[in-house]
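Novice:
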Amino acid sequence: MIDPLGRLAADRRLARERQDPCAALCTLGNLGADGWPETRTLVLRDLEDRLAVFVNATSPKFTQLDRVSLVVWLPSLNVQYRLRCETEPVPRELVADSWQLRPEPPKHMDWLYTLARPQSSPIESRERLLEELASLSLPEPLTAPDTARGFYLLPQVIDRLDLGMENGIHDRRRYLPGNPSWSEVVLVP
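The opening position of the sequence shown corresponds to residue 247 in the working numbering, with each subsequent residue numbered one higher.
#1: For Ala269, I'd like the list of residues in its chain whose CB is within less than 7 Å of its CB, leaving aside the five on either flank, ordered along the chain.
#2: Just the Cα atoms here: how many angstroms apart are Phe397 and Glu334?
#3: Quick check: Arg406 and Val325, are their CB atoms within less than 9 Å of each other?
#4: Buried or exposed: Pro250, going by 16 or more other Cβ atoms within 10 Å of its Cβ?
#5: Does the Cβ-Cβ distance between Gln402 and Arg330 come in under 9 Å?
#6: Which residue comes first and which comes last in the alpha helix (DSSP H) that contains Thr360?
#7: If you drop the 5 nearest sequence neighbours on each side, which residues of the same chain put their C-beta closer than 6 Å to that of Asp408?
#8: Quick one: using the 10 Å Cβ neighbour count with 16 as the cut-off for buried, is Trp282 buried or exposed?
#9: Which first and last residues belong to the beta strand (DSSP E) in which Pro401 is found?
#10: Confirm, please, whether the CB-CB distance from Thr273 to Thr360 is below 9 Å.
#11: Measuring only the C-alpha atoms, how far is Arg338 from Ile415?
#12: For the beta strand (DSSP E) containing Pro283, name the first residue and the last one.
#13: Three-state secondary structure (DSSP) at Ser315?
#14: Given a cut-off of 9 Å on the beta-carbon distance, is the pair Leu381 and Ile248 in contact?
#15: Need the endpoints of the alpha helix (DSSP H) that Gly424 sits in, please.
#16: Compute the distance between the beta-carbons of Leu323 and Gly252, then report whether it is under 9 Å.
#17: Thinking just about the alpha-carbon of each residue, which of Asn276, Met355, Thr309 is nearest to the one in Leu316?
#18: For the putative contact between Val432 and Arg419, defined by C-beta atoms under 8 Å, what is the C-beta separation to the nearest angstrom?
Written as structure tokens, this is what we have:
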């Protein structure tokens, strides 16, 4: 049975073992409100055997994430994945639980977005940002703000490009969901 999501998970596991700095990351692309393509690097999460990304609802991208493209680049393997995905909200309780696993600085930033300045808003200087961050009155215990959100990624198309073939000819395959499993097509790289 063809399982491109299982292969992606196995490749990411191997990349983590090799201490690949990109193993936990993805580049997410979408169309902005102005119609221009936008990309950003996010942490790609494994959540209940599904792929997910977390965002803050104050971000301009929040309302533009119904359909996205994703690139996962694993330099230690010389492998790239491209995914076209629809999205589905992660339940709030699961977002709140997962939020607790984040490092402290991103937690504080989520509260800054919620209490003081929306994500991507202009600020006078980096020094001003750090001052505002230091002066925040944070809840005790520190919990996820209502603006912390997550989206499951529901792949509709997956491309895998292996650049590490011994003969130098890349191996490119496209996977499409079917019933009951994925289908695979070999593509000219």
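Note that CB positions come from ideal geometry on N, CA and C, so glycine has one too.
Specialist: Walking through what the data contain:
#1: Arg258, Ala261, Arg262, Leu320
#2: 5 Å
#3: yes
#4: buried
#5: yes
#6: 350-361
#7: Val325, Asp417
#8: exposed
#9: 394-408
#10: no
#11: 45 Å
#12: 283-289
#13: strand
#14: Before going on, a small fix: residue 381 reads as Ser here, not Leu. No, these two residues do not count as a Cβ contact at 9 Å.
#15: From DSSP, Gly424 is part of no alpha helix (DSSP H); its letter is neither H nor E.
#16: no
#17: Asn276
#18: 6 Å
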